[in-house]
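Residue numbering for the sequence shown follows my numbering, starting at 84 and increasing by one per position. C-beta atoms are modelled at their ideal positions from N, C-alpha and C, and glycine is treated no differently. Take a look at the structure below.
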Amino acid sequence: PQAIIFIGGQRYRYQWKVVVNADTDENGWQYAFAFTQDAQWRHTMDTVQTWVRRRQHHGRCVALADAETPPYAEDRPEQSQGLQAPVESSLTENDQLNRYVKLYLSIRNDVDFVLSMLEKHKNLITWKDRDISSIMAWLLAILLLISSLIPTRVILAGLVAFTFYLGSSMGFRKRQHRRDFLLELSRLSWANGAGKKVEFQGTEPTSVLEENGVTRLLLRDWCNGSFKTQFNLKSFDHCQSLAQLA
84 PQAIIFIGGQ RYRYQWKVVV NADTDENGWQ YAFAFTQDAQ WRHTMDTVQT WVRRRQHHGR
144 CVALADAETP PYAEDRPEQS QGLQAPVESS LTENDQLNRY VKLYLSIRND VDFVLSMLEK
204 HKNLITWKDR DISSIMAWLL AILLLISSLI PTRVILAGLV AFTFYLGSSM GFRKRQHRRD
264 FLLELSRLSW ANGAGKKVEF QGTEPTSVLE ENGVTRLLLR DWCNGSFKTQ FNLKSFDHCQ
324 SLAQLA
């Protein structure tokens, strides 16, 4: 904003203050996607949905300006008192680069999610996972058969009961697979732990494997060879316990 404003042929000196409230950030900025009439302005910057910004200044007329005052001179009381006005931080080239990188990663994650959902639905009809595909085929066949014989409310109740049964069965299979994995892992530890016999329960931390002769490299090779996985050495970093590993 200009410090000197002409009103009615007179030159007035103005002091300006940035408006900071609950609708702005700490520097008074509001952010939106574009400068349009229906733009939705927010007080936080989003790397995907905000590309422009604005802020409001509140002016106060303090006095008539002297004739010698330059037309565009700014009134800076901080400097007159020997204080340096704070410099507002702005986006550097590195910040802009990080913004575009975050945007790219966000788009990539969305694309990966959509592709994974399409892959899962494709597997239902290509019999890549025979258990799930057979369940869906039997479910569709049963629905077609009973849709003309049984009332709709009874069908819905049966679907709810079948959903609970299916979840219980999958949970049982998951727990059984976890027990089998821990048993095989215990046998691996017996073979590489200098004869020390242990039996893992799943509550132990993953650090107990190193203590019983199972290094991370050995664990990776054993998992990839026994379960046809493609783990690397960093795949186990997020596992805090053997249950999570299983």
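Residue i classed as buried or exposed, judged by whether at least 16 other C-beta atoms fall within 10 angstroms
i, result
"residue 290", "exposed"
"residue 246", "exposed"
"residue 283", "buried"
"residue 159", "Bear in mind that a pLDDT of 48 at residue 159, under 50, signals an unreliable position, so the number given afterwards is only what the model happens to contain. Looking at its Cβ environment, which holds fewer than 16 other Cβ atoms inside 10 Å, residue 159 is exposed."
"residue 297", "buried"
"residue 111", "buried"
"residue 302", "buried"
"residue 97", "buried"
Start-to-end residues for the alpha helix (DSSP H) that takes in residue i
i, result
"residue 306", "299 to 310"
"residue 254", "235 to 275"
"residue 326", "325 to 328"
"residue 230", "Premise fails: residue 230 is in no alpha helix (DSSP H) and is neither H nor E."
"residue 281", "Neither: residue 281 is in no alpha helix (DSSP H) and is coded neither H nor E."
"residue 291", "290 to 294"
Residue i versus the options, residue with shortest Cα-Cα distance
i, options, result
"residue 310", "263, 192 and 198", "263"
"residue 143", "95, 325, 196 and 228", "95"
"residue 268", "305, 88, 217 and 228", "305"
"residue 92", "127, 124 and 148", "148"
"residue 242", "225, 115 and 280", "225"
"residue 295", "280, 307, 308 and 303", "280"
"residue 113", "121, 101 and 126", "126"
"residue 266", "253, 251, 257 and 285", "285"
"residue 101", "90, 116 and 84", "84"
Spatial neighbours of residue i in its chain, beta-carbon cut-off 6 Å, leaving aside the 5 residues before and after
i, result
"residue 118", "135"
"residue 124", "113 and 115"
Enclosing beta strand (DSSP E) for residue i [first to last residue]
i, result
"residue 100", "93 to 101"
"residue 137", "135 to 138"
"residue 88", "87 to 90"
"residue 113", "112 to 115"
Neighbourhood of residue i by C-beta, 7 Å cutoff - its chain only, sequence neighbours within 5 removed
i, result
"residue 157", "Bear in mind that a pLDDT of 47 at residue 157, under 50, signals an unreliable position, so the model cannot answer this."
"residue 169", "Low confidence applies here, because residue 169 scores a pLDDT of 45, under 50, leaving its location unreliable; read the following figure in that light. No residues qualify anywhere along the chain."
"residue 88", "95 and 97"
Own chain, CB closer than 8 Å to residue i, minus 5 neighbours either side, in chain order
i, result
"residue 319", "289, 299, 302, 303 and 328"
"residue 261", "285, 326 and 329"
"residue 307", "313 and 314"
Worksheet item: Are at least three pairs of beta-carbons, each pair with one atom in the region 269 to 276 and one in the region 217 to 235, less than 8 Å apart?
Response: no
Worksheet item: How about the region 100 to 117 and the region 136 to 146: do they share at least three Cβ pairs that are nearer than 8 Å?
Response: yes
Worksheet item: Is the number of C-beta pairs between the region 180 to 197 and the region 123 to 134 that are closer than 8 Å three or more?
Response: yes
Worksheet item: How about the region 280 to 290 and the region 321 to 329: do they share at least three Cβ pairs that are nearer than 8 Å?
Response: yes
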